[in-house]
Amino acid sequence: MGSISTVRGKGRGKALEIGVVLGMMLLLVLVFGLPAWAQTKTLNLSMLAGFKEDVLRANLPEFEKKTGIKVAVDAAPLGELYKKQLLALSTGARYDVLFMDEPWIPALSEFLSPLDERAKGLDMQDFIPTTVAAGAFQGKQYALPVDPNVQILIYRKDLFAQKGLKPPATWEELLKIGKGMHDPAKPQYGFVLTASNDIQTINYMLLVMWSYGAEIVDSRMRGALNSEAGKKGGEVFLELVNLAPPAVKTYTFADVNKAIQLGQAVMGIQWASGAKPMEDKTRSEVAGKLGYAVPPKGTRVTPMRGVWNIAIAKSSPNQDAAWEFAKWLSSREFGLASTRYPSAISAIHSPRVSVLTDPGTQEALPYAGVLLESLRVAKERPRLKEYADIQESLRVIAGKLTAGELNLNAALQEMDAATNKMLVK
Amino acid sequence: MRTRKLLTVLALIPALAWTLFPLLWILTASFKTELSLYAKPPQWIFSPILENYKRVLFNIPFFEYLTNSLLIATGTTLGSLVLGTLAAYGFSRTRFWGSQALRFLILVTRMVPRMTLVVPYYLMMLKIGMLDTYTGLIIAYISFAMPFSIWLLIGFFDDVPLEVEEAALVDGCTPVGTLVRVVIPIAAPGLAVAAIFAFLVSWNEFLFALILSGVHSKTLPVVIAGLTTDLGPLYGEMSAAAVMVMLPNVLMTLVLQRYVVKGLTLGAVKG
Amino acid sequence: MGSVQSRRWFLVPGVIFLLAIDMVPLVYSLWVSFYEWWLVRPRDIRFLGLGNYLMLAADPAFRRSVLVTCTLTFGAVLAEFLAGLALALLFAQPFRFLRPVRAVIMMPLFVVPVVGATMWRLILHPEMGVLNFYLGLLGLGNPQWLADSTMAMFALILVDAWRTIPFMFLVILAGLETLPAELYEAARVDGASWLQAFRFITVPLLAYIMLVAVLIRGMDVFREFDIVFVLTGGGPGTATETIQMLNYRVFGLGHMGQANAIGIITLILVALMCYLLIRVVQRSR
């Protein structure tokens, strides 16, 4: 039958057609496959995306001109940066230099080059001492500080002036002032913080608990939040939540800023990195009306420290070039340029005393003095490889506490249990 | 007919309101300052600023990322269409022992969370040196888009009567020729949907782009996610970026739309 | 018939590609899930057998997340299917003014999910969001969208539906467009009502397409992460903590063994869901 033989004869033609189609497709795919091989004096930098990236990119050409070293910036969003760095470093690093947050340093330390020897030739005394400690782990220095951050108290100095008040030095004073100025009808709230399952909630809670003397782990590496001090701190924390806007249970870092910027909160505690937009007229109705102070104490002053550092990967083939970059990023020149970067949103602060006390800086950043003061007394989170895990558990438990799923005692017990579970392993 | 038209229009109103409200919100937000974004009552008429667009376009290498996204999405669409069409045609026109199981097996990748697949994929690409390349991402995205394409196209190909193909074969067409010249035009709506879907999968994907891309192949979703800073989302910039990112999609859909509504050619069967 | 058998070879390129790309990572995932492997201590890898799985099965947080995920999946897919079907039927009518409107309806699909969720978060914000402002004007109260456990789940379904109803709409519409008009003509001549035509012509012929749409969407919602992460972060408390939120947490801390175990469990659950769905549709044919 004609049709069958035609089909058979066409069989070979068909195979050819398929071959051509596949070949074209393969070609198409390969054409788009442009591998990324850029070695030779180019540093791969893992960076935090956003406005810190902007500041860096703006100043990078100067570094490249001065040293002839090119820097390729690979930026990732805040929530993903740790993951990306951990993955890359533990499987055979693609990065030469990394911009990393201090709690990650213990965990990532075994992939980083110790900098003690090299740091000997550096003017380390210009750095605020605790910022240098942020890059150290078990006696070795793994990173240089670049962008220090710390919790500070922000308050409406215009409203305080009206009533002849001074910024509160203790939590009791703060609660009293806050209650006095608390007027939901306006709306005007005495205080603002976060009470959601956001990471900031546990940071606030720790701030208060620490200030009454509690610790996350005691000297025997056991969870120690469920103590007298911890309970007192927890109670004060919950009182603060009552002074906040009703939607505080959904608040994040940004919402704290909003509440202050829209004039709804009389006082608040925020990281210094959030302070700059509060002074920008296009974003803040209270620009110029804000005062800054070190956070109040319970029995001691314990604002939480958070320093961003620059580290060098142990597996990088460009150790010297990487050190040049690390030096530059933590240098006075870069610090002066970055604190004056004309952005309404943020700057990269500098860990150097000389930069923060410079009059130009004080003018660009009204809170620079308080930043310095707070940093000097700042408290660090436990330097443990397991800390990221502990923090995650604490975050969830704090969220459950504020959502009403747990009462304070149960929450504190769970926190210690979670800490112990992580440390026993 | 008139009442039908009227009822249709009436039914359209809530549908359009629902769809357009957030889109208009995003559009206006891209031209607003942050402060005016929170204003009550919400301002729909205001004096626009271009700051957000300027910041997105000039502070970061936006066009570079746009190009990356475009190339990767195009590669994905072409690749998954070609491979998917071939495979779907094969499934539609044969039944052999295990073909049902195979069809189900193909779906398996859509059953595993992306997070779970990303690390082995990362390691694979690391070993063969395709990290931070277009090809690496294209291959991944094709594997995401294909299962849906195949299943969808099987349905459309099933609906093409065998007689039409037989007729073509008798006229001297090769099997591939039949596929291309007869079957595909009839199943065009399905192909258009598969193409749109593949493009979107690649265009909007975040996790694999984040982990697998580096300096050279970064795509737009990663950049946009970076606009959620520790200060919270930069709504203005994010909206501006979102608007610009939407445009290629809108264009592509306008082009492919014509094929979704195709005339019916079943007349060929009766002839 | 010789020609039909030769069609079998069309399968080869696509299937080989998928199996190569997908099976290798899958097997690797399965293998890792039997170990304890923490990226922070790369030399400290221990074999656990089913240890990770047993730990997860005993964990109340994980069990709860399965429930939350199933609720979300069911709610979202149902809402999207019904709305998508309604829209598709609406647009299947031969009115010319529908053409350009169709492109508009599809637009939510083009918004990057993270951006869509972020804007919705702003819209739904109890104080600064516009939705509550308008609801207040209409006298409909001030729902605490993201602060209340049930409302938070509802908000998730709302946002996911907004983004992907166009998908259902597109797929079903494409199917409707290929239905032969002659059948409907014949039905009308026979005196059948619109509803009867729908039940006896549209539904059976479109069953496959609708199944594919529901299946794909179900699998995607079950694995959904971006929207939950941006909109509620698993909150309030742990009310909307889905399986993928847990996965993200564990994965982000570098616990590869546990993360992969969660992934494999997800695979099993989704496969189960698909299988049941396919059987239900096949039985009704």
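Chains as they are written, first to last, in the working numbering: chain P, -9 to 415; chain F, 128 to 398; chain Y, 612 to 896. Backbone N, C-alpha and C fix where the C-beta goes; we use that ideal spot for every residue, glycine too. The structure displayed is predicted, hence computed values, not measured ones.
Q: Could you tell me the distance, in whole angstroms, from the CA atom of valine 643/Y to the CA atom of leucine 878/Y?
A: Your numbering for residue 643/Y matches position 32 in the third sequence. Your numbering for residue 878/Y matches position 267 in the third sequence. The alpha-carbon atoms of valine 643/Y and leucine 878/Y are separated by roughly 15 Å.
(Q) Would you say alanine 39/P lies against chain F (beta-carbon separation less than 8 Å)? (A) What you label residue 39/P is simply residue 49 of the first sequence in a count that begins at 1. Cβ-Cβ to chain F under 8 Å: yes for alanine 39/P.
Q. Can you list, in chain order, the residues of the segment 75 to 107 of chain P whose Cβ is nearer than 8 Å to any Cβ on chain F?
A. Answer in chain order: Leu77, Thr81, Gly82 and Arg84.
Q.
Using only the alpha-carbon positions, how far apart do alanine 325/F and aspartate 148/P sit?
A. As a working mapping, residue 325/F is identified with position 198 in the second sequence. As a working mapping, residue 148/P is identified with position 158 in the first sequence. Alanine 325/F and aspartate 148/P have their C-alpha atoms some 57 Å from each other.
**Q.** Close beta carbons around aspartate 406/P, own chain, < 6 Å, minus the five adjacent residues each side
**A.** For the purposes of this step, residue 406/P is identified with residue 416 of the first sequence, where counting begins at 1. Closer than 6 Å at the Cβ level, and outside the excluded window around aspartate 406/P, lie Gly213, Leu215 and Asn216.
Q.
With H, G and I counted as helix, E and B as strand and the rest as coil, what does DSSP make of glycine 233/P?
A. Translated into positions along the first sequence, residue 233/P becomes position 243. Note that residue 233/P is leucine in the sequence shown here, rather than glycine. If DSSP states are grouped into helix, strand and coil, leucine 233/P belongs with coil.
Q) Roughly how many angstroms separate the alpha carbons of valine 310/F and serine 36/P, rounded to a whole number? A) On the second sequence, residue 310/F is found 183 positions in, with the first residue counted as 1. On the first sequence, residue 36/P is found 46 positions in, with the first residue counted as 1. Cα to Cα, valine 310/F sits roughly 50 Å from serine 36/P.
Q. For proline 135/P, which three-state DSSP category applies?
A. Mapped onto the first sequence, residue 135/P falls at position 145. Reduced to three states, the DSSP call for proline 135/P is strand.
(Q) Give me the residue from Gly288/P, Leu374/P, Ala400/P and Glu395/P with the minimum Cα distance to glutamate 92/P. (A) Within the first sequence, the letter at position 102 stands for residue 92/P. Closest by alpha carbon: Leu374/P.
Q: Find the residues of chain Y that neighbour aspartate 379/P, judging by a C-beta separation of less than 7 Å, and give them in chain order.
A: Numbered from 1 along the first sequence, position 389 holds the residue referred to as residue 379/P. Residues of chain Y passing the Cβ test: Leu864.
Q.
Helix, strand or coil, according to DSSP, for tryptophan 330/F in the structure here?
A. Position 203 of the second sequence holds residue 330/F. Secondary structure of tryptophan 330/F (DSSP, three-state): helix.
Q: Leaving aside the five residues before and after proline 360/F along the sequence, list all residues of the same chain whose C-beta is less than 8 Å from its C-beta, in chain order.
A: Position 233 of the second sequence, counted from the first residue, corresponds to residue 360/F. Leu354, listed in sequence order.
Q | Buried or exposed by the 16-neighbour rule on C-beta atoms within 10 Å, applied to asparagine 34/P | A | If you number the first sequence from 1, residue 34/P lands on position 44. Classification of asparagine 34/P: buried, given that the 10 Å Cβ count is 16 or more.
Q | Euclidean distance between Cα positions of threonine 853/Y and isoleucine 95/P | A | In the third sequence, residue 853/Y corresponds to position 242, counting from 1. In the first sequence, residue 95/P corresponds to position 105, counting from 1. Rounded to whole angstroms, the separation of the alpha carbons of isoleucine 95/P and threonine 853/Y is 30 Å.
**Q.** Chain-ordered chain P contacts of arginine 860/Y [CB-CB under 7 Å]
**A.** As a working mapping, residue 860/Y is identified with position 249 in the third sequence. Near arginine 860/Y (Cβ distances below 7 Å), the residues of chain P are Glu382.
Q: Spatial neighbours of lysine 221/P within its chain, please: CB distance less than 8 Å, with the 5 preceding and 5 following residues excluded, ordered by chain position.
A: The residue given as residue 221/P occupies position 231 in the first sequence. Leu398, Asn399 and Leu402.
Q.
When you compare the CB of aspartate 188/P with every CB in chain B, is at least one pair closer than 8 Å?
A. The chain labelled as chain B is not found among the protein chains of the depicted structure, namely P, F and Y.
Q.
Rounded to the nearest angstrom, what separates glycine 341/F and aspartate 259/F at their Cα positions?
A. As a first step, residue 341/F is located in the second sequence; it is residue number 214 there, counting from the start. As a first step, residue 259/F is located in the second sequence; it is residue number 132 there, counting from the start. Roughly 5 Å separates the two Cα atoms.
**Q.** Separation of methionine 717/Y from glutamate 691/Y, as counted between CA atoms
**A.** Reading the third sequence from its first residue, position 80 is the one you call residue 691/Y. Reading the third sequence from its first residue, position 106 is the one you call residue 717/Y. Those two C-alpha atoms are separated by around 13 Å.
(Q) For the structure I just gave you, are there three or more beta carbon pairs, one from the segment 235 to 242 of chain F and one from the segment 830 to 839 of chain Y, closer than 8 Å? (A) Taking a cut-off of 8 Å for Cβ pairs, the segment 235 to 242 of chain F and the segment 830 to 839 of chain Y touch, as three or more such pairs fall below it.
Q: Compare the C-alpha of leucine 134/F against each of Leu659/Y, Leu689/Y, Gln704/Y and Ile783/Y and name the closest.
A: The residue labelled residue 134/F in the question sits at position 7 within the second sequence. Here the closest residue by C-alpha is Gln704/Y.
Q: Could you tell me which of Gly829/Y, Gly848/Y and Val635/Y sits nearest to leucine 689/Y, measuring between CA atoms?
A: Counted from its first residue, the third sequence places residue 689/Y at position 78. Out of Gly829/Y, Gly848/Y and Val635/Y, Gly829/Y has the C-alpha closest to the C-alpha of leucine 689/Y.
**Q.** Distance between beta carbons of lysine 60/P and lysine 31/P, contact taken as under 8 Å
**A.** Residue numbering aside, residue 31/P sits at position 41 when the first sequence is read from its first letter. Residue numbering aside, residue 60/P sits at position 70 when the first sequence is read from its first letter. Correct: roughly 7 Å between the Cβ atoms.
Q | DSSP-derived helix/strand/coil call for phenylalanine 158/F | A | Translated into positions along the second sequence, residue 158/F becomes position 31. Here phenylalanine 158/F sits in coil by DSSP.
Q) Cα-Cα, which of Asp633/Y, Val726/Y, Ile876/Y and Thr789/Y is closest to glutamate 364/F? A) Taking the second sequence and counting its residues from 1, one reaches residue 364/F at position 237. When C-alpha distances from glutamate 364/F are compared across Asp633/Y, Val726/Y, Ile876/Y and Thr789/Y, the shortest belongs to Val726/Y.
Q. Would leucine 842/Y pass as a contact of valine 741/Y if the rule is Cβ separation under 8 Å?
A. Position 231 of the third sequence, counted from the first residue, corresponds to residue 842/Y. Position 130 of the third sequence, counted from the first residue, corresponds to residue 741/Y. No, the Cβ-Cβ distance between leucine 842/Y and valine 741/Y is not below 8 Å.
(Q) With H, G and I counted as helix, E and B as strand and the rest as coil, what does DSSP make of isoleucine 187/F? (A) Position 60 of the second sequence, counted from the start, is the residue given in the question as residue 187/F. Coil.
Q.
Suppose contacts are defined by Cβ-Cβ distances below 8 Å. Is alanine 234/P in contact with alanine 185/P by that definition?
A. As a position in the first sequence, residue 234/P is number 244, starting the count at 1. As a position in the first sequence, residue 185/P is number 195, starting the count at 1. Annotated as proximal: alanine 234/P and alanine 185/P, with beta-carbon spacing under 8 Å.
Q.
Using only CA atoms, which one of Leu816/Y, Leu767/Y and Ala631/Y lies nearest to alanine 687/Y?
A. As a first step, residue 687/Y must be located in the third sequence, where it is residue number 76. If you compare the alpha carbons of Leu816/Y, Leu767/Y and Ala631/Y with that of alanine 687/Y, the shortest gap goes to Leu767/Y.
Q: From the DSSP output, in three-state form, read off lysine 248/P for me.
A: Within the first sequence, numbered from 1, the residue matching residue 248/P stands at position 258. When secondary structure is reduced to three states using DSSP, lysine 248/P falls in the helix class.
Q. So, helix, strand or coil for glutamine 381/P, using DSSP?
A. As a first step, residue 381/P is located in the first sequence; it is residue number 391 there, counting from the start. It is helical.
(Q) Strictly below 8 Å CB to CB, what residues from chain P border leucine 757/Y? (A) Counted from its first residue, the third sequence places residue 757/Y at position 146. Contact of leucine 757/Y with chain P by beta-carbon distance below 8 Å involves Thr240.
Q | Cα-Cα separation, lysine 176/P to valine 256/P | A | Sequence index remark: in the first sequence, residue 176/P carries index 186 (1-based). Sequence index remark: in the first sequence, residue 256/P carries index 266 (1-based). Their Cα atoms are separated by approximately 12 Å.
Q) Does the beta carbon of asparagine 663/Y come closer than 8 Å to any beta carbon on chain F? A) For the purposes of this step, residue 663/Y is identified with residue 52 of the third sequence, where counting begins at 1. By this cut-off, asparagine 663/Y is not an interface position.
Q.
Can you pull the chain Y neighbours of serine 270/F, defined as C-beta to C-beta under 7 Å?
A. As a working note, residue 270/F is residue 143 in the second sequence. Within chain Y, the residues whose beta carbon sits less than 7 Å from that of serine 270/F are Leu629, Ile632 and Asp633, listed in sequence order.
Q. DSSP beta-bridge partners for histidine 866/Y?
A. On the third sequence, position 255 is the one that residue 866/Y refers to. DSSP lists Trp649/Y as partners of histidine 866/Y.
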